[in-house]
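Asker: These protein sequence lines map, in sequence, to chains Y and E.
Each residue of the first sequence is one higher than the one before, counting from 1 in the UniProt record's numbering.
Each residue of the second sequence is one higher than the one before, counting from 1 in the UniProt record's numbering.
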Amino acid sequence: MKLAIREKTDQAAKLLFRMTGLMVIAILAGIFFMLLWNTVAFFLKIKPWDFITGTQWNPSGTPANYGMLPLLVSTSLVTLGAMCIAIPLGIGTASFLSDYAGRKLKSVLKPAIEMLASVPSVAIGFLDIVVLGPGIASITGQSNGLNALNGAVLLAIMSLPTIITVTQDALEGVPNAYKEASYSVGANRWQTLIQVTIPAAAPGILAAVMLGVGRAIGETMTVLMATGNASAFPKGFFHSVRTMTATIAIEMGEVPYQTTHYYALFAIAAVLFLMTLLVNIVGEYFVNKYRKYQAA
Amino acid sequence: MMKKLTPIIEWGTLLLTTGLVCFFLLAILWDLISKGSSSLSWAFISTSPSDGMTKGGILPAIIGTVLLTLITALIAAPFGICCAIYLNEYAEDSWLTRIIRASIRNLAGVPSIIYGLFGLALFVQGLQMGTSLLAAGLTLGLLSLPYIIITTEEALRRVPNSMRQAALAVGATQFESIRDVVLPSAIPGMLTGLVLTLSRAAGETAPILFTGVAFYINKPAGYLNQEFMALPYHLYMLSTQHQAIEQVRPLAYGTALVLIIVVFFLNLSAFYIRYQHSKHE
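#1: Give me the chain Y residues within the contact set of residue 227 of chain E, using Cβ-Cβ distance strictly less than 9 Å, ordered along the chain.
#2: Could you tell me the alpha carbon to alpha carbon distance between residue 74 of chain E and residue 21 of chain Y, rounded to whole angstroms?
#3: Just verifying my parser: in three-state terms, what is the DSSP assignment at residue 228 of chain E?
#4: Could you run through the stretch 43 to 76 of chain Y and flag, in chain order, every residue whose CB is less than 8 Å away from some CB of chain E?
#5: Just to confirm, is the Cβ distance from residue 126 of chain Y to residue 256 of chain E under 7 Å?
#6: Answer yes or no: do residue 193 of chain E and residue 263 of chain E have a C-beta to C-beta separation smaller than 7 Å?
#7: Tell me whether the beta-carbon of residue 220 of chain Y lies closer than 7 Å to the beta-carbon of residue 206 of chain E.
#8: Could you check where the alpha helix (DSSP H) with residue 18 of chain Y kicks off and where it finishes?
#9: Which same chain residues end up closer than 8 Å to residue 323 of chain Y when comparing Cβ atoms and leaving out the 5 residues on each side of it in sequence?
#10: Would you mind giving the Cβ-Cβ distance between residue 171 of chain Y and residue 94 of chain Y, rounded to the nearest angstrom? I have them listed as a contact below 8 Å.
#11: Pick from E/248, E/236, E/20 and E/10: whose alpha carbon is nearest that of residue 124 of chain Y?
#12: So with Cβ pairs under 7 Å, would you call residue 173 of chain E a contact of chain Y?
#13: Can you have a look at residue 49 of chain Y and say buried or exposed, based on whether 16 or more other CB atoms are within 10 angstroms of its CB?
#14: Return no unless some Cβ of chain Y is closer than 7 Å to the Cβ of residue 121 of chain E.
#15: For residue 296 of chain Y, which residues of its own chain have a beta-carbon under 7 Å away from its beta-carbon, when the five flanking residues on both sides are left out?
#16: Which residues in chain E sit within 7 Å of residue 28 of chain Y, going by Cβ to Cβ distance?
#17: Need the endpoints of the alpha helix (DSSP H) that residue 209 of chain Y sits in, please.
#18: Pairing CB atoms from the stretch 136 to 145 of chain E with CB atoms from the stretch 159 to 169 of chain E, are three or more of them under 8 Å?
#19: Is the stretch 267 to 279 of chain Y touching the stretch 33 to 46 of chain Y, taking contact as three or more C-beta pairs under 8 Å?
#20: Just to confirm the assignment: which complete alpha helix (DSSP H) runs, minimum length 4, are found wholly within the stretch 50 to 90 of chain E?
#21: Going by DSSP, name the residue or residues bridged to residue 65 of chain Y.
#22: Anything in chain Y within Cβ reach of residue 191 of chain E, meaning under 7 Å, just list it in chain order.
#23: Report the residue from Y/201, Y/162, Y/154 and Y/179 whose alpha carbon sits nearest the alpha carbon of residue 133 of chain Y.
#24: When Cβ atoms are compared, which residues of the stretch 267 to 294 of chain Y fall closer than 7 Å to chain E?
#25: Between residue 13 of chain Y and chain E, is the shortest Cβ-Cβ distance under 7 Å, so that the two count as touching?
#26: In chain order, which continuous runs of the alpha helix (DSSP H) of length 4 or greater are located wholly inside the stretch 88 to 116 of chain Y?
#27: Determine the chain E residues that contact residue 252 of chain Y at a beta-carbon separation under 9 Å, and present them in chain order.
#28: Between residue 218 of chain Y and residue 111 of chain E, is the Cβ-Cβ spacing less than 7 Å?
#29: Rank E/228, E/36 and E/174 by C-alpha distance to the C-alpha of residue 130 of chain Y and give the top, closest one.
#30: Let me make sure I understand the geometry here. Which of Y/277, Y/194, Y/288 and Y/102 has the alpha-carbon closest to that of residue 103 of chain E?
#31: Smallest Cα separation from residue 225 of chain Y: which of Y/17, Y/144 and Y/279?
#32: Taking DSSP as the reference, what is the three-state secondary structure of residue 119 of chain E?
#33: Rounded to whole angstroms, what's the CA-CA distance from residue 242 of chain Y to residue 41 of chain E? Just pull it up for me.
#34: Does the beta-carbon distance from residue 177 of chain E to residue 191 of chain E come in below 7 Å?
#35: Under 6 Å: does the beta carbon of residue 207 of chain Y sit that close to some heavy atom of the ligand MG?
#36: Interface residues of chain E around residue 100 of chain Y at Cβ under 7 Å?
Have a look at this one:
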């Protein structure tokens, strides 16, 4: 082939690759502006303050109420519950994998945890309805076990693989010199883990927790199937709650195009988007911090 | 006394946490296999549902899931690979590259239901595709894109620089060195990432809720512009929305088992590719 043609191909390829890079920004911007556009359309009809602080979500009533506070509190409650379960379990398992487990045990456990990550959320939700839900119901004496606690357990299971993997990376990234110094002054393995390795890996562990939180906030199918979806203001872990994601999933299928209710669901999605964006940015801050620390 | 007990408590704590995590996985597998295997038969996976979904099989849902995953791959793979090539082979450390990288990480964190809304606004309503296999596939393609870019870039990064320099030294253009030298040796890593991403996409429900999935279609053949059935949505409907929930439970177990088998099969093939590759190194 002639050199000129080869050089032209090279230039064209370079242009094509760069275009795809720019397209990625366009997609994120597209999602952002789609949410913004529809949210603005909603706020032309309902005041933003009423939307954020309103305690009633009843878009099909007369008059319709668009207060998203119950949904926000539900999402926070379920996420908080999930993290109370997943953080200790995740850090414990990651410590076991990084400091205690032998090579052979590790080579079995690692793929097992990756398998847990790949179980579709709808399958976990299904098992909840047939196994865990009735179990919780018989303990609490309710007619069904579809409540915030139930959702929290499922979200904990779903965010565990992320938390374990990232925490383990952080723990294994702690320089060996730190551990050796600890052993040399007579500390045992446990003392070293608690007082040296975990504090040294703290930024990485925080990043892992943030990724887990992001996952739990945005998860849809499991909370939709497991939390009961009562749109009243949540009263606690043993009551049915309705998260932001579940509200969008339930109602979007039924609303007419471009009504206030339709725009309201995009407004919820915009709040959800900002929440996960914030959590991810905080997580990324800690990831960078622990990378810098490792380089030093 | 305390001195003897402490190591046991310490070990116990870590073993307990790890044990609980393994217990979750085993409980999920055990319940699905023990109760789902009796519903599984050749007839179940080769016939359409009948009698108001209370009898028959799940063939349309299997076909729908396979077609959907194929469309997702056709959209996300070329796009994602090109973007990863740009980032790893061409991009300098400029503000633009940093924005692109930040966008990718944030796209990976966007909740799947928001992709569903984006697909609804852009493909279904904006581009007038209607709720269809194509609209749902495009939506899942966008959702998979950041994962494919991240895994492909990792695979490209593992190709040693000396190989690129060798190609350039014998007079290849940069594109030729990427096409003939870099890509072939990065393929196992790229494939692993692609297959893992697709196994994830195959199990997604939220993004296809409003973009094209349907409760029941009596024709198993899929056309791009029509609604379709998919395994995850079928499972969701059977377990929450059907009038005779108790009656369809065996079918739901069967569907769940088939879905898990599809996802695990994809995962295992990814592990296999990775294993084969690591043997060569």
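Beta carbons are placed, not taken as given, at the ideal position from N, Cα and C, and that holds for glycine.
These numbers come from a predicted model, not from an experiment.
Answerer: In terms of the structure at hand:
#1: Within the second sequence, residue 227 of chain E is the residue found at index 227, counting from 1. Within chain Y, no residue comes near residue 227 of chain E; the closest Cβ sits about 13 Å away, beyond 9 Å.
#2: As a working mapping, residue 74 of chain E is identified with position 74 in the second sequence. As a working mapping, residue 21 of chain Y is identified with position 21 in the first sequence. Cα to Cα, the separation comes out at about 18 Å.
#3: On the second sequence, residue 228 of chain E is found 228 positions in, with the first residue counted as 1. In this structure, residue 228 of chain E counts as strand in the three-state DSSP scheme.
#4: none
#5: Along the first sequence, one-based indexing puts residue 126 of chain Y at 126. Along the second sequence, one-based indexing puts residue 256 of chain E at 256. Yes, these two residues count as a Cβ contact at 7 Å.
#6: Working through the second sequence from its first residue, we reach residue 193 of chain E at position 193. Working through the second sequence from its first residue, we reach residue 263 of chain E at position 263. No, the Cβ-Cβ distance between residue 193 of chain E and residue 263 of chain E is not below 7 Å.
#7: Position 220 of the first sequence, counting from 1, holds the residue named residue 220 of chain Y. Position 206 of the second sequence, counting from 1, holds the residue named residue 206 of chain E. Their beta carbons are under 7 Å apart, which means residue 220 of chain Y touches residue 206 of chain E by this criterion.
#8: Translated into the one-based positions of the first sequence, residue 18 of chain Y becomes position 18. Residue 18 of chain Y -> alpha helix (DSSP H) spans 3 to 43.
#9: Shown here, chain Y extends from 1 to 296; a query on residue 323 of chain Y therefore has no answer.
#10: Counted from its first residue, the first sequence places residue 171 of chain Y at position 171. Counted from its first residue, the first sequence places residue 94 of chain Y at position 94. Between residue 94 of chain Y and residue 171 of chain Y the Cβ distance is about 6 Å, and since that is below 8 Å, they are a contact.
#11: For the purposes of this step, residue 124 of chain Y is taken as the residue at position 124 of the first sequence. For residue 124 of chain Y, the nearest C-alpha among the options comes from E/236.
#12: Walking along the second sequence from the start, residue 173 of chain E turns up at place 173. At least one chain Y Cβ lies under 7 Å of residue 173 of chain E.
#13: By 1-based counting over the first sequence, the position of residue 49 of chain Y is 49. Answer is exposed; the Cβ neighbour count stays below 16.
#14: Reading the second sequence from its first residue, position 121 is the one you call residue 121 of chain E. Yes, its Cβ sits closer than 7 Å to a Cβ of chain Y.
#15: Position 296 of the first sequence, counted from the first residue, corresponds to residue 296 of chain Y. Below a pLDDT of 50, predicted positions are generally treated as unreliable, and residue 296 of chain Y, at 47, falls in that range; the measurement from the model is reported next regardless. Counting only Cβ-Cβ distances below 7 Å, and skipping sequence neighbours, we find nothing.
#16: Residue numbering aside, residue 28 of chain Y sits at position 28 when the first sequence is read from its first letter. The contacting residues are 103, 106 and 107.
#17: Sequence index remark: in the first sequence, residue 209 of chain Y carries index 209 (1-based). Note, residue 209 of chain Y: alpha helix (DSSP H), 202 to 218.
#18: No, because fewer than three Cβ pairs between the stretch 136 to 145 of chain E and the stretch 159 to 169 of chain E fall closer than 8 Å, the two stretches do not touch.
#19: yes
#20: Complete alpha helix (DSSP H) runs here, min 4: 59 to 85.
#21: Counting from 1 along the first sequence, the entry for residue 65 of chain Y is found at position 65. Answer is Y/58.
#22: Mapped onto the second sequence, residue 191 of chain E falls at position 191. Those within 7 Å of residue 191 of chain E in chain Y number zero; the least Cβ separation is about 16 Å.
#23: Locating residue 133 of chain Y in the first sequence gives position 133, counting from the first residue. Checking every option, the nearest Cα to that of residue 133 of chain Y belongs to Y/154.
#24: 269, 272, 273, 276, 277, 280 and 284
#25: Here residue 13 of chain Y refers to the residue found at position 13 when the first sequence is read from its first residue. Closer than 7 Å: yes.
#26: none
#27: The residue labelled residue 252 of chain Y in the question sits at position 252 within the first sequence. Going along chain E in sequence order, the residues near residue 252 of chain Y (Cβ under 9 Å) are 113, 116, 117, 120, 209 and 210.
#28: Within the first sequence, residue 218 of chain Y is the residue found at index 218, counting from 1. Within the second sequence, residue 111 of chain E is the residue found at index 111, counting from 1. Contact: yes.
#29: Sequence index remark: in the first sequence, residue 130 of chain Y carries index 130 (1-based). If we check each option's Cα against that of residue 130 of chain Y, E/36 comes out closest.
#30: Counting from 1 along the second sequence, the entry for residue 103 of chain E is found at position 103. Checked all of Y/277, Y/194, Y/288 and Y/102; the closest Cα to residue 103 of chain E is Y/277.
#31: Taking the first sequence and counting its residues from 1, one reaches residue 225 of chain Y at position 225. Per the Cα distances, Y/144.
#32: Translated into the one-based positions of the second sequence, residue 119 of chain E becomes position 119. Helix, per DSSP.
#33: Residue numbering aside, residue 242 of chain Y sits at position 242 when the first sequence is read from its first letter. Residue numbering aside, residue 41 of chain E sits at position 41 when the second sequence is read from its first letter. Answer to the nearest angstrom: the Cα atoms are 38 Å apart.
#34: Numbered from its first residue, the second sequence carries residue 177 of chain E at position 177. Numbered from its first residue, the second sequence carries residue 191 of chain E at position 191. No.
#35: Absence of the ligand MG from the depicted structure is noted, as is the absence of any ligand whatsoever, leaving it without description.
#36: Taking the first sequence and counting its residues from 1, one reaches residue 100 of chain Y at position 100. Those are 14, listed as they occur along chain E.
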